[in-house]
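Peer 1: In my numbering, the protein residues as written are 924 to 1062. Here a beta-carbon is modelled for each residue, glycine too, at the ideal position from N, C-alpha and C.
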Amino acid sequence: WGDLGQILLAYNLDAAEPALRKAAARDPEAFRWPYFLGRFHHLRQNIPQARAAYEAALALRPEDLPTRLRLAQLAQDADDLDRAGALVAEVLAREPANAYAHFLTGEIAAARGDGAAAVAAVRLAHHRRPLHHRQHRHY
């Protein structure tokens, strides 16, 4: 079920969800199934389901930085800038050169109206990974 779910998710097909749920039921300790379910729901803007799935994935692998960044994206999109900032800060504490975390820091600063901090963070992100911008949100 898992392989099928991943293929269907790659094509952004709705049938991915039941396949990924069956994979998760068969292997509840596997990190990838709740992560992929989170991605499935995130792509569809099903924010509560995406958050729950990413949090389940993070419970299985607490050190996973990409999952923290996905949760930060969701928090930012929901205008929960404090939570988004805290999640990004956790990533930067462990991986100070993470370009995408710096980019999100800039977006959060911009959303708060702090233009100077936003520009500084985006410049730092660009320095870490040139040509990085929002359309490349595939960390």
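Alpha carbon to alpha carbon, how far is residue 949 from residue 980?
Peer 2: Your numbering for residue 949 matches position 26 in the sequence shown. Your numbering for residue 980 matches position 57 in the sequence shown. Distance between the alpha carbons of residue 949 and residue 980: 15 Å.
Peer 1: For residue 1124, which residues of its own chain have a beta-carbon under 7 Å away from its beta-carbon, when the five flanking residues on both sides are left out?
Peer 2: The requested residue 1124 is not part of the displayed model; the chain covers only 924 to 1062.
Peer 1: Would residue 998 be called buried (16 or more neighbouring beta carbons within 10 Å of its own) or exposed?
Peer 2: If you number the sequence shown from 1, residue 998 lands on position 75. Its Cβ being crowded by 16 or more others within 10 Å, residue 998 is buried.
Peer 1: Can you list, in chain order, the residues of its chain with a C-beta nearer than 7 Å to that of residue 938? Leave out the 5 residues immediately preceding and following it.
Peer 2: The residue you call residue 938 lines up with position 15 of the sequence shown. Contacts found: 931.
Peer 1: Which of helix, strand or coil does DSSP assign to residue 952?
Peer 2: Sequence index remark: in the sequence shown, residue 952 carries index 29 (1-based). Residue state, collapsed to three classes: coil.
Peer 1: Are residue 1020 and residue 1007 touching if we call contact CB-CB under 8 Å?
Peer 2: As a working note, residue 1020 is residue 97 in the sequence shown. As a working note, residue 1007 is residue 84 in the sequence shown. Not in contact: residue 1020 and residue 1007 (Cβ atoms no closer than 8 Å).
Peer 1: Within 10 angstroms of its Cβ, does residue 1036 collect 16 or more other Cβ (buried), or is it exposed?
Peer 2: Start at 1 with the first residue of the sequence shown, and residue 1036 comes out as number 113. Burial call: exposed.
Peer 1: Ignore the nearest five residues each way along the sequence and tell me which others in residue 1028's own chain have a CB closer than 6 Å to its CB.
Peer 2: The count along the sequence shown starts at 1 and reaches residue 1028 at position 105. Closer than 6 Å at Cβ, skipping near neighbours: 1011 and 1044.
Peer 1: Going straight from the alpha carbon of residue 1052 to that of residue 1018, what length do you get?
Peer 2: Taking the first residue of the sequence shown as 1, we reach residue 1052 at position 129. Taking the first residue of the sequence shown as 1, we reach residue 1018 at position 95. In a straight line, the C-alpha of residue 1052 is about 14 Å away from that of residue 1018.
Peer 1: If you count every other CB in all the chains shown that lies within 10 Å of the CB of residue 936, and 16 or more means buried, which is it?
Peer 2: By 1-based counting over the sequence shown, the position of residue 936 is 13. By the 10 Å Cβ count, residue 936 comes out exposed.
Peer 1: Apply the 10 Å Cβ neighbour rule to residue 1042 and answer buried if 16 or more other Cβ atoms are within range, or exposed otherwise.
Peer 2: Along the sequence shown, read from residue 1 onward, the residue named residue 1042 stands at position 119. Exposed is the call here.
Peer 1: By how many angstroms is the C-alpha of residue 992 removed from the C-alpha of residue 947?
Peer 2: Looking up residue 947 in the sequence shown gives position 24. Looking up residue 992 in the sequence shown gives position 69. Near 22 Å, if we compare the C-alpha coordinates of residue 992 and residue 947.
Peer 1: Is the separation between the beta-carbon of residue 1040 and that of residue 1026 shorter than 8 Å?
Peer 2: For this step, residue 1040 is matched to residue 117 along the sequence shown. For this step, residue 1026 is matched to residue 103 along the sequence shown. For residue 1040 and residue 1026, no; Cβs fall outside 8 Å.
Peer 1: Please report the distance separating the alpha-carbon of residue 986 from that of residue 972.
Peer 2: Here residue 986 is taken as the residue at index 63 of the sequence shown, counted from 1. Here residue 972 is taken as the residue at index 49 of the sequence shown, counted from 1. Going from the Cα of residue 986 to the Cα of residue 972 covers about 21 Å.
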